[in-house]
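Following my numbering, the numbering of the sequence shown begins with 51 at its first residue and continues without gaps. We put the CB at the ideal spot given by N, CA and C, even for glycine. Notes follow the structure.
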Amino acid sequence: MDFLNTDFFNFIWKLLVTLGFIGLSTGLVRSAAESLKRTGKWTSVLDEIAVGILIIFVYIIIMTNPASTVFEFVKKPLVFLWDIVLNLLRQVGMPI
Numbered sequence: 051m052d053f054l055n056t057d058f059f060n061f062i063w064k065l066l067v068t069l070g071f072i073g074l075s076t077g078l079v080r081s082a083a084e085s086l087k088r089t090g091k092w093t094s095v096l097d098e099i100a101v102g103i104l105i106i107f108v109y110i111i112i113m114t115n116p117a118s119t120v121f122e123f124v125k126k127p128l129v130f131l132w133d134i135v136l137n138l139l140r141q142v143g144m145p146i
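Structure below.
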């Protein structure tokens with residue numbers, strides 16, 4: 051049985067992603083408040099608003115896909131970069 055597709059892991063996955071989203075959102079609100087206090091202008095908060103919208107879109111995309119799909123999506127570029135690093139180290143002559 052694939053552990054990533056069980057109901058328990060699905061619950062844990064959604065719980066962790068939601069807690070991460072809440073943590074990022076809380077940090078973003080605090081950053082926006084500090085930026086507003088520091089400058090006194092609402093235009094200084096616009097970058098936090100843009101990042102907040104991006105975080106909401108990423109959260110929605112992650113929550114609509116199963117965990118195995120998200121892991122595969124993240125794994126492919128990491129494996130690609132790791133292969134580049136390994137080839138570079140081999141070219142330099144470092145033992146791997």
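Going by C-alpha distance, which of the options is nearest residue i?
i	options	result
Tyr109	Ile62, Ser75, Ser94	Ser75
Met113	Asn60, Asp52, Phe53	Asn60
Ile62	Pro116, Val129, Met144	Pro116
Val101	Ile111, Val120, Gly77	Gly77
Phe107	Val129, Pro127, Asp97, Phe71	Phe71
Can you tell me where the alpha helix (DSSP H) holding residue i begins and where it ends?
i	result
Pro127	117-142
Asp57	57-89
Measure the C-alpha to C-alpha separation of residue i and residue j and round it to an integer number of angstroms.
i	j	result
Lys87	Leu136	47 Å
Lys91	Thr56	49 Å
Residues in its own chain within less than 8 Å of residue i by CB, not counting five upstream and five downstream?
i	result
Asp52	Ser118
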